[in-house]
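For the sequence shown, the working numbering gives the first residue as 76, with consecutive numbering after it. What follows is a single structure, written as structure tokens, with notes after it.
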Amino acid sequence: SDHRLIYPSTPEDMDWSALFPSFVADTEAARSAPETEDATETVIKPSIKKLVKDIEVVDVGCGFGGLLVALAPTLPDTLLVGMEIRNQVAEFVQDRIRALRAQDSQGKQYQNIACLRANTMKFLPNFFRKGQLSKVFICFPDPHFKHRKHKARIVSTTLNSEYAYVLGPGGIVYTITDVQDLHNWMVQHLEAHPSFERVSEEEQEADPSVAIMRTETEEGKKVERHKGQKFVALFRRLEDPAW
Ligand code: SAM
Numbered sequence: 076s077d078h079r080l081i082y083p084s085t086p087e088d089m090d091w092s093a094l095f096p097s098f099v100a101d102t103e104a105a106r107s108a109p110e111t112e113d114a115t116e117t118v119i120k121p122s123i124k125k126l127v128k129d130i131e132v133v134d135v136g137c138g139f140g141g142l143l144v145a146l147a148p149t150l151p152d153t154l155l156v157g158m159e160i161r162n163q164v165a166e167f168v169q170d171r172i173r174a175l176r177a178q179d180s181q182g183k184q185y186q187n188i189a190c191l192r193a194n195t196m197k198f199l200p201n202f203f204r205k206g207q208l209s210k211v212f213i214c215f216p217d218p219h220f221k222h223r224k225h226k227a228r229i230v231s232t233t234l235n236s237e238y239a240y241v242l243g244p245g246g247i248v249y250t251i252t253d254v255q256d257l258h259n260w261m262v263q264h265l266e267a268h269p270s271f272e273r274v275s276e277e278e279q280e281a282d283p284s285v286a287i288m289r290t291e292t293e294e295g296k297k298v299e300r301h302k303g304q305k306f307v308a309l310f311r312r313l314e315d316p317a318w
């Protein structure tokens, strides 16, 4: 349960260096810094290693990581993280990414994706600053059919405010599900939120991430095999009104 989940008290306290070793700022600086013989000039590194860039894309409940792996080459300059609550599943995705990285002799591919074990229903603002993200994916979330279980749904009035907090203006929430009732629920709750507007179908279908979300998620593949329907809806983070 949650008491065993590790999470930072603020985004500044989060050390991403082990997940994104190719993007650690210190090593970059060390490589490009002119050599000096004066040992007193050695900078004492702070215990938290910063990255050269911020994470911008989050896959909420990433499952086995199909979306991350497929998105990685399409967004080569962007850091993406999948968050997954099940420990063994998160470890599987971490191993999967490690293996993919090792296959690339140049050491460049799949460096921009990582998976973290986390409960996104509780700790999202602990990991990301206000406005930090440009995309949040919510793919085939658990439907929680029973009425008394609806509070466990990953889209809700409260959680939508957290997505609004971590997304910058213009950022997009991507949703997909094969459960029409859950689709209606997500649309209703995101449309009702003052920080979001629905993206037009035309714009939605022109977004390359949408095709990937439909076909490359493990759940998307499963629905394909069963010839089920997939319901997609995208929402744009609006500017905060000037008071
Ligand atoms: N997105 C993946 C896909 O489309 O293939 C997985 C979908 S699966 C039906 C839902 C996933 O969300 C599961 O792996 C589950 O463990 C994860 N999950 C559920 N609640 C979560 C939470 N609060 N935080 C992080 N992950 C969660």
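For glycine and all other residues, C-beta sits at the position ideal for the given N, C-alpha and C. Computed from a predicted structure; not experimentally measured.
* To do: Assign D134 to one of three DSSP states: helix, strand, or coil.
  => For the purposes of this step, residue 134 is taken as residue 59 along the sequence shown, with counting starting at 1. Three-state DSSP puts D134 in a strand.
* Among the residues of its own chain, which have a CB less than 6 Å from the CB of S209, if the five just before and after it don't count? -> Residue 209 sits at position 134 when you count from the first residue of the sequence shown. If we look at S209 and ignore the five residues flanking it on each side, its Cβ neighbours are E131 and G246.
* When we look at the beta-carbon of W91 and count the other beta-carbons within 10 Å, is it buried (16 or more) or exposed? -> As a working mapping, residue 91 is identified with position 16 in the sequence shown. Buried, by the Cβ-count rule.
* Pairwise C-alpha distance: D88 and L199 -> Taking the sequence shown and counting its residues from 1, the one referred to as residue 199 is at position 124. Taking the sequence shown and counting its residues from 1, the one referred to as residue 88 is at position 13. Answer to the nearest angstrom: the Cα atoms are 14 Å apart.
* Could you tell me if the beta carbon of G295 falls within a distance shorter than 8 Å of some heavy atom in the ligand SAM? => Here residue 295 refers to the residue found at position 220 when the sequence shown is read from its first residue. Within the cutoff, so yes.
* Through-space distance from G157 to D282, alpha-carbon basis -> To locate residue 282, count along the sequence shown from 1; it is residue 207. To locate residue 157, count along the sequence shown from 1; it is residue 82. Approximately 20 Å, taken between the alpha carbons.
* With a threshold of 8 Å, establish whether the CB of A308 neighbours any heavy atom of the ligand SAH. => Of the ligands one can find in the structure shown, namely the ligand SAM, none is the ligand SAH.
* Can you tell me where the alpha helix (DSSP H) with S236 in it begins and where it stops? -> Residue mapping note: residue 236 aligns to position 161 of the sequence shown, counting from 1. For S236, the enclosing alpha helix (DSSP H) begins and ends at T232 to V241.
* To do: Kindly list the residues whose CB is nearer than 6 Å to the CB of W318, restricted to its own chain and excluding five residues on each side of it in sequence; keep chain order.
  => Against the sequence shown, residue 318 aligns to sequence position 243. If the five residues before and after W318 are omitted, its C-beta is found closer than 6 Å to no C-beta atom of its own chain.
* Asked: Can at least three beta-carbon pairs, one atom from the segment 126-144 and one from the segment 153-167, be found at a separation below 8 Å?
  -> Contact between the segment 126-144 and the segment 153-167 is present: three or more C-beta pairs spanning the two stretches fall below 8 Å.
* Local Cβ density within 10 Å of N162, reported as buried at 16 or more and exposed below that -> Taking the sequence shown and counting its residues from 1, one reaches residue 162 at position 87. Its Cβ having fewer than 16 others within 10 Å, N162 is exposed.
* Does the beta-carbon of N259 have 16 or more other beta-carbons within 10 angstroms, so that it is buried, or is it exposed? -> For the purposes of this step, residue 259 is taken as residue 184 along the sequence shown, with counting starting at 1. Burial is judged here by how many other beta carbons sit within 10 angstroms of a residue's own beta carbon; N259 has fewer than 16 and is exposed.
* Determine the DSSP secondary structure at I81, reduced to helix, strand or coil. => Numbered from its first residue, the sequence shown carries residue 81 at position 6. Here I81 carries a coil assignment [DSSP, helix/strand/coil].
* **Delimiting residues of the alpha helix (DSSP H) encompassing E280** => Your numbering for residue 280 matches position 205 in the sequence shown. Bounds of the alpha helix (DSSP H) holding E280 are E276 to A281.
* Should M196 be listed as close to the ligand SAM, given that the test is whether its C-beta is under 8 Å from any heavy atom? -> As a first step, residue 196 must be located in the sequence shown, where it is residue number 121. Checking the Cβ of M196 against the ligand SAM gives yes.
* Asked: Say the cut is 8 Å; is the CB of M158 nearer than that to a heavy atom of the ligand SAM?
  -> By 1-based counting over the sequence shown, the position of residue 158 is 83. The answer is yes for M158.
* To do: Please specify which runs of the beta strand (DSSP E), each continuous and at least 3 residues long, are wholly inside the segment 170-244, giving them in chain order.
  => Complete beta strand (DSSP E) runs here, min 3: 188-192 and 208-214.
* Asked: Are three or more beta carbon pairs between the segment 133-148 and the segment 182-201 nearer than 8 Å?
  -> With a cut-off of 8 Å, the segment 182-201 and the segment 133-148 count as touching, because enough Cβ pairs lie within range.
* Asked: How would you label K302, buried or exposed, when you count the other beta carbons within 10 angstroms and need 16 or more for buried?
  -> Start at 1 with the first residue of the sequence shown, and residue 302 comes out as number 227. Classified as exposed, K302 has fewer than 16 neighbouring CB atoms from the shown chains inside 10 Å of its CB.
* Inspect the CB distances between the segment 259-279 and the segment 224-235 and report whether three or more fall short of 8 Å. => In this structure the segment 259-279 touches the segment 224-235; the number of beta carbon pairs closer than 8 Å is three or more.
* To do: Give me the Cα-Cα distance between F310 and F271, rounded to the nearest whole angstrom.
  => Here the question's residue 310 lines up with position 235 in the sequence shown. Here the question's residue 271 lines up with position 196 in the sequence shown. If you take the alpha carbons of F310 and F271, they lie about 6 Å apart.
* Is there at least one non-hydrogen atom of the ligand SAM closer than 8 Å to the beta-carbon of R161? -> In the sequence shown, the residue the question calls residue 161 occupies position 86. The answer is yes for R161.
* Residue burial classification, Q181 (beta-carbon count within 10 angstroms, cutoff 16) -> Locating residue 181 in the sequence shown gives position 106, counting from the first residue. For Q181, the number of other beta carbons within 10 angstroms of its own is below 16, and it is reported as exposed.
* Asked: For the alpha helix (DSSP H) that V262 lies in, which residues bound it at each end?
  -> As a first step, residue 262 is located in the sequence shown; it is residue number 187 there, counting from the start. Note, V262: alpha helix (DSSP H), Q255 to E266.
* Asked: Comparing alpha-carbon positions, which option in S84, S284, V307 and R228 lies nearest D217?
  -> Numbered from its first residue, the sequence shown carries residue 217 at position 142. Among S84, S284, V307 and R228, the Cα nearest to that of D217 belongs to R228.
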